[in-house]
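In my numbering, the protein residues as written are 898 to 1408.
Where a beta carbon is used, it is the ideal one built from N, C-alpha and C, also for glycine.
Each remark here refers to the structure printed beneath this line.
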């Protein structure tokens, strides 16, 4: 009874201290379920290009084997494409090991629609965890604005169409977004509080899970290990050289644990088959894409439009050479960046370079470095026979939601409505993108409007048409809760109270 009483008291205390934060995050959850659920229920089961290969990978893991690159799809499902090359074989197996017990039995029985639905549900769950992880990161780095950013950052980031898309498809990208977000959050925590053994242990596990998710996680791995070394230098009590040596030793130990835990896959499954750690396809295999030299990649308009114009992808209604979604994207990007820069100048935030603020500078540098490395990875991958694809920079894109949210939400006179307007624009773009996909890639009737079109898509997937208005209502209710919570969080009294409360201290104990 005493334990139950203590638990109840803790929950009541949590609600009293963080009422509007909890309400705001509940709004984020509602909007995500509504928006991602809309794509999950209306997009045809096999419309996602590589999803059948990811689904087959899970089935093969369910059978106790890893797919071979030249084995193609092996699942006994006639609806899946007959392709000689397995396009997902190069990925490490963690996502598929999670999906296998869910989808495997249905694949065995030929019920691939149910297997696909469960795969999409798993991706939605990982997407939701990613949103909550971003809220946690915002709480760590947000200072006196942490309560605002913990609501605004995930509210905006989950509307990025590439993220909403993979969170409603059978792809492993949501897992790498989740592990990248948690890894960088832990790295920031270690920079602020020092390399405590418990933090380092949890970070090691997350880095192992990330490298077992997708090779592109290596950017977060590299930045997190460097941040760990930096934390030893900043928080150590010995000389600079001794602190550096301890940091390098700890970083090396963490790296060895990760390599020992998942390195076998990259060497035995990929390298021995192809001579490359990142591919399972033999080098003798004829290329499936046109060769693209590095110079052609770096001058490609498509590459440099990925970030400012790609947050919401393409849609209908082309204006001046770009679609409505692309104009929404560039508008959100510019407003968020300009808002952040303007705040930096207004608050004379260059004082961050003072000795007592160097931990904040290091955290900001860590996030910037992560984005730069991820973008460089995209350029390297596109060189040769690779491609330029929004999914390859998704982990950095998602974390960028923190910067964009800061720029549109910290201005007190807006009372949080800047972030709400961006979130509304984002969900309009998600719905627009979904309608665009159904109109351009299916034979569903379009003459009755976008709501009947979405209902036709849901009905074709086996859902009752009423699911569409229910999910749309969830988006509206979620946005309403977010607006109310941000209005409260941005009140002068609450910002002042947050500024005087105990936050993550730096080495000198200042905030």
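Check, Outcome
"On a Cα-Cα basis, can you pick out the residue from 922, 938, 1144, 1125 that is closest to residue 1355?", "938"
"For a test of the three-state rule: what should DSSP assign to residue 1281, helix, strand or coil?", "strand"
"Below 8 Å on the Cβ atoms is my guess for residue 1241 versus residue 1227; work out the distance and round it to an integer in Å.", "That pair is no contact at about 21 Å."
"Taking the alpha-carbon positions, what's the residue 1084 to residue 1121 distance?", "5 Å"
"Counting beta carbon pairs with one atom in the region 921-940 and one in the region 978-990, are three or more of them shorter than 8 Å?", "no"
"Using the C-alpha atoms, what's the distance from residue 1217 back to residue 1103?", "44 Å"
"How many Å lie between residue 1201 and residue 913 at the Cα?", "46 Å"
"Flag this pair as touching only if the region 1319-1334 and the region 1072-1090 have three or more C-beta atom pairs under 8 Å; answer yes or no.", "no"
"May I have a chain-ordered list of the alpha helix (DSSP H) segments no shorter than 4 residues that lie completely inside the region 933-994?", "948-959"
"Go to residue 1385, then tell me how far its alpha helix (DSSP H) extends in each direction, as first and last residue.", "1364-1386"
"Per DSSP, what kind of secondary structure is residue 1409 in: helix, strand or coil?", "Outside the modelled stretch of the chain, which goes from 898 to 1408, sits residue 1409, for which no answer is possible."
"Quick check: the Cα distance between residue 1272 and residue 904, rounded to an integer number of angstroms?", "45 Å"
"The alpha helix (DSSP H) spanning residue 1237 covers which residue range?", "1221-1243"
"Between residue 1387 and the rest of its own chain, which residues show a CB-CB distance below 7 Å, the 5 nearest in sequence each way excluded?", "1045, 1309, 1312, 1313"
"Taking the straight line between their C-alpha atoms, what separation do you get for residue 1407 and residue 1073?", "Its pLDDT being 38, under 50, residue 1407 is placed unreliably in this model, and the value from its coordinates should be taken loosely. So the alpha carbons of these two residues sit roughly 34 Å apart."
"When the Cα of residue 1075 is compared with those of 1109, 1097, 1254, 1328, which residue comes out closest?", "1109"
"With three or more C-beta pairs closer than 8 Å as the rule, is the region 1160-1179 touching the region 1122-1140?", "no"
"Answer with buried or exposed for residue 1025, where buried requires no fewer than 16 other C-beta atoms within 10 angstroms of its C-beta.", "buried"
"Does the Cβ-Cβ distance between residue 983 and residue 970 come in under 8 Å?", "yes"
"Quick one: measure Cβ to Cβ for residue 1147 and residue 1097, integer angstroms, because I've assumed they're closer than 8 Å.", "6 Å"
"Could you spell out where the alpha helix (DSSP H) holding residue 1096 opens and where it closes?", "1094-1108"
"Is the beta carbon of residue 1283 less than 8 Å from the beta carbon of residue 1236?", "no"
"Quick one, which of 998, 1292, 1229, 1170 has its alpha-carbon nearest residue 1320's?", "1229"
"How should residue 1340 be labelled, buried or exposed, when 16 other C-beta atoms within 10 angstroms of its C-beta is the threshold for buried?", "exposed"
"In whole angstroms, what is the alpha-carbon distance linking residue 1169 and residue 968?", "16 Å"
"Suppose you measure from the CA of residue 1057 to the CA of residue 931; what does that come to, to the nearest Å?", "14 Å"
"For residue 1066 versus residue 1017, is the C-beta distance shorter than 8 Å?", "yes"
"Exposed or buried, what is residue 1402 when buried is set at 16 or more other beta-carbons lying within 10 Å of its beta-carbon?", "In this prediction, residue 1402 scores a pLDDT of 48, lower than 50, which makes its location untrustworthy; the coordinate-derived value is nonetheless stated afterwards. Looking at its Cβ environment, which holds fewer than 16 other Cβ atoms inside 10 Å, residue 1402 is exposed."
"Roughly how far, in whole angstroms, is the beta-carbon of residue 1052 from the beta-carbon of residue 928, given that I think they are within contact range, below 8 Å?", "7 Å"
"Since residue 1020 and residue 1079 should fall inside the 8 Å C-beta cutoff, what is the C-beta to C-beta distance between them, to a whole number of angstroms?", "In fact, because the Cβ distance is near 17 Å, the residues do not count as touching under 8 Å."
"Given a cut-off of 8 Å on the beta-carbon distance, is the pair residue 1059 and residue 1210 in contact?", "yes"
"Are the C-beta atoms of residue 1276 and some chain D residue less than 8 Å apart?", "Protein chains in the displayed structure number just one, and chain D is not present."
"When the Cα of residue 1128 is compared with those of 980, 1113, 1156, 1087, which residue comes out closest?", "1087"
"For residue 1405, count neighbouring C-beta atoms within 10 Å of its own C-beta (all shown protein chains included) and say buried if the count is 16 or more, exposed if not.", "Confidence is the limiting factor: at residue 1405 the pLDDT is only 44, short of 50, which leaves the residue's position unreliable and the question unanswerable from this model."
"On the CB-based measure, 16 or more other CB atoms within 10 Å of its CB, does residue 980 come out buried or exposed?", "exposed"
"Leaving out five residues before and five after residue 976 in sequence, what residues of the same chain have Cβ atoms less than 7 Å from its Cβ?", "943, 1009"
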